[in-house]
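Have a look at the structure below, then the notes.
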Amino acid sequence: MGEDVRERCLREVKASQHNGRLLPAIAAPPEKKKVAHFPAVDIRTFQASRLDKTKAPSSTEPAAGAGEKPAGSALKKLSERRKTGHFSGLGAKLGIQRKKNNLVNLFKAQDEFDLEQLASKPRKPLGDYSKKIQQVYAANPASHNVEAAHAVVARMKQVAGEAKVPLDNLEDAPHSSQKMKEFWEAREDIRWSRPFFVYPIPKKVAPAKVHVEKEVEQMVEKPKWNIDVSVFHPRKEESDARDYYETEGVRKRSLNLDWKRTVGKTRFIKAITRADTGVQWGEDSVEKELVEIKTAISRAYPVLYNAYYYFCVTGTDIGESAFSMSFNQWTEFLKDSEIPHPKSKNCNMANCDNIFVVSNFEEEKSNLTRKEAAAQKLLADENDDRALMRFEFVEAVVRLAIAKHGMKTDTDDVSEAVDMLLEREIIPNLCPEATEDADVFRHERLYNEENDLVLHEHQTFLRACYNLFKQLGLKQKHSHLGMEGFLNMLEASSLLGPATGFSKREAKLVMIWSKMSVVDEIRHRNRAVSLTFVDFLEAVGRVADWISMPNPEDLEKFYDPELNPAGSPSLLYEFYTKAPTSEQERLRRASAEFGNTRTRPLHIKLSQVIEVMYYSLKAQFGGADEASVAGKLNSMARMLG
């Protein structure tokens, strides 16, 4: 066996006996060689063989491998020494008895022997220090690798060069705290660029992960709220707009029909011909001027549409007649718009009253086809001779424009006079309620998931209310809920009157704002003057948004269990039916007024209104719960139907 390999092995064994302290026995990690596969070597066997070289066994001792066993006490001590891994004294002598051929076989292949093979299977407490030395070199490459050392030196020079800049800056401003801070940071960089000794950190071998099949509950993503599957979805099929909002298309169709009926009147065409100079002189045809007038009307038609129905319902009429403009409401429209002038020759109050009469006049034409005659008869039956229909209101606006700004007062062109009337008098002077856009409430307050859940929860009860009170109209045709039935429902539900501060005028406004537009107000007269069920749901929402319901905290303070106990399980119902009017007014919120910003979500107020409706109707019709009350309301509706 070669001396160099043998001596290296001996030094490795000595290093293992110094309680983990590394000795500089090897200058560099040994080069990896391809080795043959030898039997596993016990480091204790190797140590015993080392002692065997210094002292050979005597002739009286049994030969190794003879099969004889030592004395009992010696065998026991040998077992203890093997457990501790330390051989000395008798233990060393007993170990000498092992066959010397183990060392011969161990170093038989000198050239192919690998030092790492020696400690391939270490025994505690001895360690594999050959591998630890390799880890030390791997953690400190600059200590044995020239290229790594050059890289460290180059890095140190670079950091030192960069530190000259903050040093020069500090010399220029020695009292600057910022310059001093930069200098000390550069100094620390120089210190940490030095190749300090790094202790190797052994890698922790993580235990292999065991795949365990678990039933993981799938997180079901909540679907986004869709109005098409809500309580509002019938509106898309029922409304003339075929939508949940008013569209430009439905407004355009309404104007086209109104204008068609307006220009079908002979007296109106004659009035345009007399008032327009261009038509009189032949510069423009009547047809062209009519197109220009219609264009001027179309630019403000949504305002005229809303204003017409506002002035219709703010009168004293209730029922179907409230959906056409009476003479008194025509006068209110003139005053609010500031159109008549007492000193005007053509547009004083008398002239304006005459325009109402002329526009309301119904012409009877002869030589009509059967279809035209049927349409004329329908118009005559539905048209109130003492009130303006919607198309008649459009005609009256054009005649007002001629009287106010035409006839060479401001212009001799009728379409220009219409623009002047709309821009100077009507649009600027109308109140906000007259120009209210119903879609704003639908978009900002009504159409959402919270309201849908509340209405869906109480849909059976609300449907029963709708079915009953649509039968209570004075002249109702029992298909939809008319104005009389709607007002009766609010009154029976304790929602109308001084207690809530909600008047009939406001209830009528709620009704027209909750309705979707009807293009043909004459042919579909019943639908034009009543509420569908979805319209009714919107109306309940608007009532809830208008009424100032007290907070639950205020009600609990008012109804003290000892001083002022409530006689009903519903404090709201008790408050609106029995509380003094002064207290009802005191707890009324300022945000209840029209046009004020609402401070509470609608679904909360909607639940409160439905609660008051339920307890009010329960007190009148009986029932144990909401379902039984709804059943009694439906039974009563069938009796009236």
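Position 467 of the sequence shown, counted from 1, bears residue number 467 in UniProt numbering, the numbering being contiguous throughout. Quick reminder that beta carbons are idealized off the backbone N, C-alpha and C, glycines included.
{"query": "Would you decide whether ALA637 is buried or exposed? Buried here means 16 or more other CB atoms lie within 10 Å of its CB.", "result": "buried"}
{"query": "Any idea if GLU484 is buried or exposed, counting beta-carbon neighbours within 10 angstroms, 16 or more meaning buried?", "result": "buried"}
{"query": "Between the C-alpha atoms of LEU633 and GLU538, what's the straight-line distance to the nearest angstrom?", "result": "21 Å"}
{"query": "Alpha carbon to alpha carbon, what distance is there between ALA464 and GLU287?", "result": "53 Å"}
{"query": "Using a threshold of 8 Å, state whether the C-beta atoms of ALA241 and MET420 are closer than that.", "result": "no"}
{"query": "With H, G and I counted as helix, E and B as strand and the rest as coil, what does DSSP make of residue 655?", "result": "This structure leaves residue 655 out entirely; the chain is present only between 1 and 641."}
{"query": "Helix, strand or coil, according to DSSP, for LEU531 in the structure here?", "result": "strand"}
{"query": "Would you kindly work out how many angstroms separate the C-alpha atoms of SER635 and ASP545, rounded to a whole number?", "result": "30 Å"}
{"query": "What does a CB cutoff of less than 8 Å around PRO432 pick up in its chain, not counting 5 residues either side in sequence?", "result": "PHE594, GLY595"}
{"query": "LEU496 and LEU490 look like a contact to me (Cβ under 8 Å); what is the Cβ gap, rounded to whole Å?", "result": "4 Å"}
{"query": "Tell me whether SER326 sits in a helix, a strand or coil according to DSSP, three-state version.", "result": "strand"}
{"query": "Measure the CB-CB distance between LEU611 and LEU572 and report whether it falls below 8 Å.", "result": "Rather than Leu, the amino acid found at residue 611 in this sequence is Glu. In this structure, LEU572 lies closer than 8 Å to GLU611 by Cβ."}
{"query": "Closer than 8 Å is the cut-off here; do at least three beta carbon pairs connect the segment 323-338 with the segment 384-403?", "result": "yes"}
{"query": "Output the distance between the C-alpha atoms of THR599 and ASP452, rounded to the nearest integer angstrom.", "result": "20 Å"}
{"query": "Which residues does DSSP list as the beta-bridge partners of PHE502?", "result": "GLY497"}
{"query": "If we count the other Cβ atoms within 10 Å of its Cβ and call it buried at 16 or more, is VAL165 buried or exposed?", "result": "exposed"}
{"query": "DSSP has LEU388 in a bridge; who is on the other side?", "result": "MET325"}
{"query": "Could you tell me whether the Cβ atoms of THR262 and VAL394 are closer together than 8 Å?", "result": "yes"}
{"query": "Pairing CB atoms from the segment 352-359 with CB atoms from the segment 443-463, are three or more of them under 8 Å?", "result": "no"}
{"query": "Determine which residues share a DSSP beta bridge with LEU555 and list them.", "result": "DSSP, once it has assigned bridges, lists no residue as partnering LEU555."}
{"query": "Just the Cα atoms here: how many angstroms apart are VAL153 and GLU221?", "result": "59 Å"}
{"query": "Counting along the chain, where does the alpha helix (DSSP H) carrying PRO319 start and finish?", "result": "Looking at the sequence shown, residue 319 is not Pro but Gly. Premise fails: GLY319 is in no alpha helix (DSSP H) and is neither H nor E."}
{"query": "In terms of alpha-carbon separation, which member of GLU416, ARG399, TRP281, MET389 lies closest to PHE268?", "result": "ARG399"}
{"query": "Can you tell me the Cα-Cα spacing of GLU626 and MET549, whole angstroms?", "result": "21 Å"}
{"query": "Taking 8 Å as the threshold (C-beta atoms), are SER616 and TRP492 in contact?", "result": "In the sequence as presented, Trp is not what sits at residue 492; that position holds Ala. In this structure, SER616 lies closer than 8 Å to ALA492 by Cβ."}
{"query": "What residue does the alpha helix (DSSP H) around SER616 start on, and which one ends it?", "result": "602-621"}
{"query": "Output needed for SER628: all residues of its chain with C-beta closer than 6 Å, excluding positions within five of it in sequence on either side, in chain order.", "result": "none"}
{"query": "What's the gap between the Cα of PHE311 and the Cα of LEU509?", "result": "10 Å"}
{"query": "Between VAL357, PHE536, ARG253, LYS236, which has its C-alpha nearest LEU462's C-alpha?", "result": "PHE536"}
{"query": "What does DSSP give as the partner residues of GLY482 in its beta bridges?", "result": "SER530"}
{"query": "For the segment 403-422 against the segment 574-582, are there 3 or more C-beta pairs whose distance is under 8 Å?", "result": "no"}
{"query": "Return the residue from the list GLU320, GLU423, LEU430 that minimises the CA-CA distance to PHE333.", "result": "LEU430"}
{"query": "Taking the straight line between their C-alpha atoms, what separation do you get for ASN256 and MET639?", "result": "43 Å"}
{"query": "In this structure, how does DSSP classify PHE333 when only helix, strand and coil are distinguished?", "result": "helix"}
{"query": "Pick from ARG299, ALA300, ARG155, THR331: whose alpha carbon is nearest that of THR314?", "result": "THR331"}
{"query": "Would residue 683 and THR435 qualify as a contact pair, given that the criterion is a beta-carbon distance under 8 Å?", "result": "Residue 683 cannot be examined here, being either before or after the span of the chain that is shown, 1 to 641."}
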